[in-house]
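**Q** Residue numbers (the working numbering): 2 to 151. Attaching a single structure in structure tokens format; questions to follow.
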């Protein structure tokens, strides 16, 4: 995807497309593309403003999705890597490992409490994380913690 295509989708006001693209961007494995996109934040940030959407009615969901994108891209710009998403949304370590985004180093699971402590490393920048996975409500939840060193 080109940056111009992304901006066009964001300007369209189509809630479904914008929501989909906000999550799709977080699964892009190409760090170079994400860093380039993060360099274009000044084109995206104004689209999260309610003053941009007055003639489009209530666009709260659009702004939430655009805010998700800007928060992620700001983190990519600051850290230089896509793995910044783990501190933003509760991704599951095993599914991220299947996509090649991380490598699982150690999986400590407690069958009695159904809690897991998964030590992993980003395949792009070698940053270490611990993902804590546990039962919550009607399913599982994950919380990530950035490690200084292993």
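Think of the CB as a built atom: it goes at the ideal place given N, C-alpha and C, for glycine as much as any other residue. Keep in mind the model is a prediction, meaning the values are calculated, not measured.
Between which two residues does the beta strand (DSSP E) carrying residue 108 extend?
**A** Position 107 of the chain shown holds residue 108. Residues 103-111.
**Q** I'd like to know whether the C-beta atoms of residue 4 and residue 66 end up nearer to each other than 8 Å.
**A** Here the question's residue 4 lines up with position 3 in the chain shown. Here the question's residue 66 lines up with position 65 in the chain shown. Cβ distance not < 8 Å, so residue 4 and residue 66 don't count as in contact.
**Q** Give the straight-line distance between the Cα atoms of residue 145 and residue 42, rounded to the nearest whole angstrom.
**A** Counting from 1 along the chain shown, the entry for residue 145 is found at position 144. Counting from 1 along the chain shown, the entry for residue 42 is found at position 41. Computed Cα separation, rounded: 25 Å.
**Q** Quick check: the stretch 71-81 against the stretch 94-106, are at least 3 beta-carbon pairs closer than 8 Å?
**A** no
**Q** Output needed for residue 12: all residues of its chain with C-beta closer than 7 Å, excluding positions within five of it in sequence on either side, in chain order.
**A** As a first step, residue 12 is located in the chain shown; it is residue number 11 there, counting from the start. Hits under 7 Å: 48.
**Q** Kindly examine the ligand ADP and report whether one of its heavy atoms sits closer than 7 Å to the Cβ of residue 65.
**A** The model depicted lacks the ligand ADP and carries no ligand whatsoever.
**Q** Give the C-beta separation of residue 131 and residue 120 to the nearest angstrom, bearing in mind that I take them to be a contact with Cβ-Cβ under 8 Å.
**A** Here residue 131 refers to the residue found at position 130 when the chain shown is read from its first residue. Here residue 120 refers to the residue found at position 119 when the chain shown is read from its first residue. At roughly 5 Å, the Cβ-Cβ gap stays under 8 Å, so residue 131 and residue 120 are in contact.
**Q** Specify, as a first and last residue, the run of the beta strand (DSSP E) that residue 29 falls within.
**A** Within the chain shown, numbered from 1, the residue matching residue 29 stands at position 28. Careful: residue 29 lies outside any beta strand (DSSP E) and carries neither H nor E.
**Q** Determine the direct distance from the alpha carbon of residue 128 to that of residue 116, and round the result to whole angstroms.
**A** Position 115 of the chain shown, counted from the first residue, corresponds to residue 116. Position 127 of the chain shown, counted from the first residue, corresponds to residue 128. Distance between the alpha carbons of residue 116 and residue 128 is about 23 Å.
**Q** Looking only at DSSP bridge pairs, what is residue 143 linked to?
**A** Here residue 143 refers to the residue found at position 142 of the chain shown. Residue 143 is bridged to 134.
**Q** Reducing DSSP to helix, strand and coil, say where residue 44 ends up.
**A** Residue 44 sits at position 43 when you count from the first residue of the chain shown. Here residue 44 sits in helix by DSSP.
**Q** If I measure Cβ to Cβ from residue 69 and keep anything under 6 Å in the same chain, skipping five residues before and after, which residues do I get?
**A** Taking the first residue of the chain shown as 1, we reach residue 69 at position 68. The beta carbon of residue 69 lies closer than 6 Å to those of 23 in the same chain, with the five residues before and after it left out.
**Q** Can you list, in chain order, the residues of its chain with a C-beta nearer than 6 Å to that of residue 93? Leave out the 5 residues immediately preceding and following it.
**A** Numbered from its first residue, the chain shown carries residue 93 at position 92. Excluding positions up to five away in sequence, the list reads 143.
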